[in-house]
Each structure stands twice: as structure tokens, then as C-alpha cells.
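Q:
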């Protein structure tokens, strides 16, 4: 005789028996699969440490173009498994299911989504056990604290302090907790005394998927103004580098021509080459040299006086002009020789 199984908790259920919870789970998975296929961007947010009242306000203020879905990790993983062969990169999103995850579906740019979520956050004091979002530093300088037991409290978390002008002063900057570390009770108390609120209450964006690419929190939380400043700096540095190496482009050609003309003028001036751009300067310099030489000569006195001096001066001027002409000829030959050498080396092109 077979034993009765009715009421036996360990008895096997019929294959077609489905619990109400299983039905609800299946519906939730189907809903997520449909949303995965309907939106271009899916993001994961962490609701850990977010008060329920503020969560309700955020759901109202996010707008109609964002679908906010809260469900269990197991349901999300099942939905991801169901579409991983059709949506590129969706399986990598499973690694971002941390804390109390929720899903955001949108057609917005993921960076715009990150900016929207960041603006919706508000500052809050740190609580013991929370994770530091960044390195928290107590700066050096005077405080509003009167001398007393607080010196010992500060010392207990590594802050070196002393009394200056009747007030407690921090002697050196101190990093009392590093990014990613748990905040200890003593540290939380000190942060509260300094009125430092390192925590942010809001939807913490963990990652977002768009066109098969996963964007993590650090990428999506970039300040747009700082990003634009970095782009401008990079463009200016690139232009300076292009000018330095002589790379011709629409943004550099004017500066390259100006620099080349200045360098050519400098070389011609050094070699004594006469050119239209240097004619006025060359003639003026030659006149000054001639006047200087003439001033160094003592002319002998004779009956004709200034007439003799003028004759000798004219002779010297002619000699100086002849010498200058010869020097210019030699300088021109040197320039031609230098240009020939540069052409051989490939430095100077036709």
C-alpha cells in the first residue's frame, strides 16, 4: 500500500502546480524584458540608506520620461539572462547589482541622466557604518572650539590640534577616512562637530548601459563645467604642440607663417643679407657704423681746414662702403652654402 502524501510537507508537488509567488515573479521578469527592449538606456541605482519619504518625492520629481522599477536582485538577474543574447553588454550590467538595486529606463543620454540624479541629491551628515564617498580631510587652521576635552577627541581620530589665541586650531591637514572605508562612530562624531556633511541623499547611480557600452559612476558623475575646461585646455595644448613641431593645420598655419618669417629675418640679419624687409634697418646700421668710425679719426689741420677733413672723410666712407659690399657678398655666399647643406640634409625644401 502506498503511503499518503496529503499534508506531507516533503511530498513532491504536481509538475503543473505553480504558486502565486512564482506567477508574480514570472510577470515581473516579463515586464523587465519588455522594458529592456523598449528603452535605449538602462541604469542601475542603489537605494541603500535612502529614506522612504525622500524616495517617494524622487519618484514624483524624476519625470515621465524615466521609468523607475524596484524589484529583487533575483528577478533582475532572470530578466538579464532572458535578453543577454539580444542586447549587447546587458550581461555585464549584472555585476553592478549592489546594495539595494533598482532600475531606471530612459531614452535620455546617460550623462544627462547622471546630471539629473546628481542635482536631485541633498547633503547629509555621516552615520557610523556608512561608506565614505571620497577622502574626507580636516583642513589645517583655527576652529570655533574652546580648549577642553575636544583636543583628546580630535587626537583619537588622528587630528593634531593645539590652542592658538584661545581657540582650538588644527595644526596639519588630516585625512580621517579614505574613500571606500567604513566611517567609525568616533569619526562620525568629529565630522558632525566640524559640520562636515560628506554624504548625499538621493539615487546613487551605479552604472548605465547604452549601445552595448557600460558607463560607471565615476564617468557619469563628471562635472560638465570641469569637462569643458579640460577640453579647452587639451585643445590649446594640442595647438601649441602642433606649432612647436611645425605641423600645418587650419588652426596653426597663420602662426607658423609668422614664426617662419621672424626666423628668416633673424637669420638674414645675422648673416648680413640685404633684403627689402631689412633695407631700412641695414642702411641705418651702416650709417651709425660709418659715423662711429668717422668720429674716431683725427684729421690733420691744414690750410684748407674742414675741406681737407671732408676729403679724407669721403675717402674713408668710400673704403667703408667697399668693405661693406665685400662683406655682404661673402655673407650671401655663406647663406647660399648653408642653404645647400640644408637641402642635402632634407631640412630645407624647394
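In our numbering, the protein residues as written are 929 to 1278. Beta carbons are placed, not taken as given, at the ideal position from N, Cα and C, and that holds for glycine.
#1: Quick check: what's the CA-CA separation for residue 1011 versus residue 1154?
#2: Quick check on the DSSP output: the beta strand (DSSP E) that includes residue 995 runs from which residue to which?
#3: Check whether the Cβ atoms of residue 1125 and residue 1178 sit closer than 7 angstroms, and answer yes or no.
#4: With the cut-off set at 7 angstroms, would you say residue 1101 and residue 1065 are in Cβ contact?
#5: Looking at C-alpha atoms only, which residue of 1172, 947, 1185 and 1104 is the closest neighbour of residue 1060?
#6: Check for me: the alpha helix (DSSP H) holding residue 1306 runs from which residue to which?
#7: Which value, in whole angstroms, describes the spacing of the CA atoms of residue 1237 and residue 1180?
#8: Less than 6 angstroms between C-beta atoms, sequence neighbours within five positions excluded: which residues of the same chain meet that for residue 1073?
#9: So what does residue 1144 bridge to, in DSSP terms?
#10: Measure the alpha-carbon distance for residue 1085 versus residue 975 and round it to whole angstroms.
#11: Nearest to residue 1135 by alpha carbon, out of 1183, 1041 and 1080?
#12: Give the single residue among 1168, 1148 and 1159 whose Cα lies nearest to the Cα of residue 1044.
#13: From this set, 1057, 1196, 1199 and 1046, which residue's C-alpha is nearest residue 1111's C-alpha?
#14: Return the chain-ordered list of same chain residues with a C-beta closer than 6 angstroms to the C-beta of residue 1050, the five sequence neighbours on each side being excluded.
A: In short, the structure shows the following:
#1: The alpha-carbon separation between residue 1011 and residue 1154 amounts to approximately 37 angstroms.
#2: Annotation: the continuous beta strand (DSSP E) that includes residue 995 extends over 994-998.
#3: Contact flag unset, no.
#4: Taking 7 angstroms as the Cβ cut-off, residue 1101 and residue 1065 qualify as a contacting pair.
#5: Per the C-alpha coordinates, the member of 1172, 947, 1185 and 1104 positioned closest to residue 1060 is 1104.
#6: Shown here, the chain extends from 929 to 1278; a query on residue 1306 therefore has no answer.
#7: Note that residue 1237 scores 47 on pLDDT, short of 50, meaning its location in the model is unreliable; the coordinates nonetheless yield the value given after this. Rounded to the nearest angstrom, the two C-alpha atoms are 57 angstroms apart.
#8: For residue 1073, where only same-chain residues beyond five positions count, the Cβ hits under 6 angstroms are 1096.
#9: Bridge partners of residue 1144: 1135.
#10: Spanning the alpha carbons of residue 1085 and residue 975 requires a straight line of approximately 29 angstroms.
#11: Ranking the options by Cα distance to residue 1135, first place goes to 1041.
#12: Of the listed residues, the one whose Cα sits closest to residue 1044 is 1148.
#13: Nearest C-alpha to residue 1111: 1057.
#14: Taken in chain order, the residues that qualify are 1129.
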